[in-house]
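What follows is a set of notes on a single structure, which appears directly below.
There are 2 protein chains.
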Amino acid sequence: MTNIRDLAKMAGVSVTTVSRVLNNHPYVSEEKRNTVLAAIKESNYQPNINAIHLSMGKTFLVGVVVPFIDHPYFALLIKGMAMEALENNYKLVLFQSNYEEARELDALQMLKQKQIDALIICSRICGWSTIEEFTRYGSIVLCEDTRGKNVSSTYVDHYKTFIFALQYLYQKGHRKIGYSIGRKSGSNSKFRGKAFKDFVKDYLLPHEPAYIFEDCLYFEDGERVITQIQKMADPPTALLITSDEVAAGIVTCAQQQNISIPSDLAIIGFNNQPIAKMMNITTIEIPLVEMGRKLFLQGIAESQVIYQEIPVTLIERNTV
Amino acid sequence: MTNIRDLAKMAGVSVTTVSRVLNNHPYVSEEKRNTVLAAIKESNYQPNINAIHLSMGKTFLVGVVVPFIDHPYFALLIKGMAMEALENNYKLVLFQSNYEEARELDALQMLKQKQIDALIICSRICGWSTIEEFTRYGSIVLCEDTRGKNVSSTYVDHYKTFIFALQYLYQKGHRKIGYSIGRKSGSNSKFRGKAFKDFVKDYLLPHEPAYIFEDCLYFEDGERVITQIQKMADPPTALLITSDEVAAGIVTCAQQQNISIPSDLAIIGFNNQPIAKMMNITTIEIPLVEMGRKLFLQGIAESQVIYQEIPVTLIERNTV
DNA sequence: TTGTACGCGTTATCAG
DNA sequence: CTGATAACGCGTACAA
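Chains as they are written, first to last, in UniProt numbering: chain A, 1 to 320; chain B, 1 to 320.
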């Protein structure tokens, strides 16, 4: 592997001059520049990027923590980040945490060790204090409402959104409403849970724990929801389903079980994934790819803490 | 940021000694070791990993090229790689190529520049000669049949598999058989195309171009397949669908259009994704997560070229 | 058992 | 315009 010093020798100039032409810096005569360029061609020179990183104290690497990539929600966020990373000449380092705290700490460590310039955490299990402790080592960005906290974020106001969706169902005449979530302990889920509680209280509806379905992430989880509902003496008439994948599973399974949608059961999905369009599912659009882009840009921005709320849109189709 | 030299000064020893305790090397007295350890604690020392990489000529980073992450096929491969990377203390660098050659070259460049130790290309658009040119800069692994070539791979013999599936349909009485693929130009697709051609020739069946559906990647693409079939005067009676997602879309859409499956149209999906189980789709299981693991291990292995064929299994359910 | 000195490849500073 | 030379932080022959 030929290095910058070899080039200097070949071209009969100093390493400084070589570095100058390499980085398109001014103050180098056309003549010498050409000699160096020739040497570069001839030697098939490739800069060692680790040396550059060491010298610059920067890696152009951004870490991304997701519990798993094989879910449209995270896949779409990453897709957006990858697009933006590309345009800004950064690369993405993937951390699949599987919601193990040790994995999240790994990522945080890499930030501390300067192997990545920034870290984007899409979903976390670790406590807030842990995050806070690492903020001084580099840029950390979260995908949840961090208002009032010392960390930038791009987020959806899930409280507001849930209230809005619940009111919509209420107006359509529904009084027995339930919802599904991915996992109950997440930050976003907590906002949703609180919204639900507040809503049923305000509208004098019963708070029926059986109407809340946890661990609903994939298409096939829809089957479980339908199964459970069929066992109920007094089933819900409408459901907020926080992933279109799951909503699609519910609709599919309902058809098989001769449950009529929306007359027996109304469904509102989330994200407006393509599958929702094809299956005519009423859904709340969340621009995940766009969110991914913004998360990334916040990560590489030098600026101060910013909270970026993303607006959502109700897409009315045939399941309500 | 305190470095190894500061520690040496603090502990009153040399940098070598510090380095020794840092890396658990022998030949350092318990006494000095403790002094150093104390200094590390006190100073909140963190090694700069870029310096280590420069010094060692290794990064513990492995690159992964996929056209897009938001597809179960690639997501599952990556999932497997991420799991294995975790166990081996490596990190994954994600390259979303979108099938643009320039993106693949970016990744290849990083290998050349030593920013990644190995590169796994799950699907490519670039020519074989391009790959070959970069093999000397580091370990490259492909997810396609590379037998006879100079690059390791973990692959499914899609020719064999397609012939097998076609024969199965033939035995079930089907004579008008078609198939769908993601993109026609891929290596895997070519093997499938060849298998199809050879099969219809051997079995004296007509080679009907309209029975071949391209660009079928997502659930919603199933709708297009059904639409096109309905327009045909002489539609196929059976379809090989190279992604369960698409198969599920076809089944769903067929229901809506009152096309009976399998009596009007038989379907064999691929991958055995959870959605196939839930919708009772006959499918060919491909252990994608397992393949991801093996791809990764081949990437970090020092050994010579290895071709690792992955066996597949037919899962008989209700769509044939 | 310990330490000196150099190499890794590049960028940045500063004197000419 | 040009070029020594000093960082950057760490690993490791080699010498003691």
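By construction, the Cβ of each residue, glycine as well, lies at the ideal position given by its N, Cα and C atoms.
If you look at isoleucine 4/A, you'll find it in the alpha helix (DSSP H) that goes 4-11.
Along the stretch 27-110 of chain A, the alpha helix (DSSP H) occurs as fully enclosed runs of 4 or more residues at 30-43, 49-56 and 72-87, listed in sequence order. In the DSSP annotation of this structure, the continuous segment of the alpha helix (DSSP H) that includes threonine 16/A starts and ends at 15-22.
Per DSSP, reduced to three states, the secondary structure at serine 129/A is helical.
In this structure, the beta-carbon distance from leucine 142/A to valine 93/A does not fall below 8 angstroms. In the same chain as glutamate 104/B, and ignoring 5 residues on each side of it, the C-beta atoms closer than 8 angstroms to its own belong to Val65, Phe95, Ser97, Ile121, Arg124, Ile125, Cys126 and Thr130, in chain order. The beta carbon of alanine 195/A lies closer than 6 angstroms to those of Tyr159, Phe162 and Ile163 in the same chain, with the five residues before and after it left out.
Contact annotation: in the stretch 280-310 of chain A, no residue has its CB less than 8 angstroms from a CB in chain B. Restricting attention to Pro67/B, Ala75/B and Ser14/B, the CA atom closest to the CA of isoleucine 69/A is found in Ala75/B.
A direct Cα-to-Cα measurement between proline 47/A and valine 13/A gives close to 18 angstroms. Residues of chain B whose Cβ lies closer than 7 angstroms to the Cβ of asparagine 48/A are, in chain order, Gln113 and Lys114. DSSP links serine 189/B through a beta bridge to no other residue. Secondary structure at tyrosine 168/B: helix, using DSSP grouped into helix, strand and coil. Taking the Cα positions, aspartate 145/A is about 42 angstroms away from valine 225/B. Within the same chain, Cβ atoms closer than 8 angstroms to the Cβ of aspartate 106/B are found at Phe95, the five residues on either side in sequence being excluded. Close to chain A, meaning a Cβ-Cβ distance shorter than 7 angstroms, is no residue of the stretch 230-244 of chain B at all. Distance check between alanine 238/B and each of Leu295/B, Ser29/B and Ile268/B places Ile268/B closest, using alpha-carbon atoms only. If you ignore the 5 residues before and after valine 36/B, its C-beta comes within less than 6 angstroms of the C-beta of Ala11, Val18 and Val21, all in its own chain and listed in chain order.
Residues of the stretch 211-229 of chain A with a C-beta atom less than 7 angstroms from some C-beta of chain B are Tyr218, Phe219, Glu220 and Glu223, listed in chain order. In this structure, the CA atom of threonine 242/B is about 22 angstroms from the CA atom of glutamine 256/B. Within the DSSP secondary-structure output, threonine 283/B pairs in a beta bridge with Gly269/B and Ile315/B. Residue burial annotation: glycine 173/A is exposed, with fewer than 16 other C-beta atoms found within 10 angstroms of its C-beta. In the DSSP assignment, leucine 239/B forms a beta bridge with Gly178/B and Ile267/B. DSSP, read as helix, strand or coil, puts glutamine 308/A in strand. Residue environment for histidine 71/A: buried (at least 16 other C-beta atoms within 10 angstroms of its C-beta).
Distance from the Cα of asparagine 50/B is smallest, within the candidate group Asn44/B, Leu108/B and Ile116/B, for Ile116/B.
Valine 13/A does not reach chain B, its nearest Cβ partner there being about 23 angstroms away, counting only Cβ pairs nearer than 8 angstroms. For the stretch 197-256 of chain B, the continuous beta strand (DSSP E) assignments of 3+ residues that do not extend past its boundaries occur at 238-241, in sequence order. At least one C-beta of chain A is nearer than 8 angstroms to the C-beta of glutamine 96/B. By the neighbour-count criterion, in which a residue is buried when 16 or more other Cβ atoms sit within 10 angstroms of its Cβ, histidine 53/A is buried. The Cβ atoms of tyrosine 137/B and leucine 111/B sit closer than 8 angstroms to each other.
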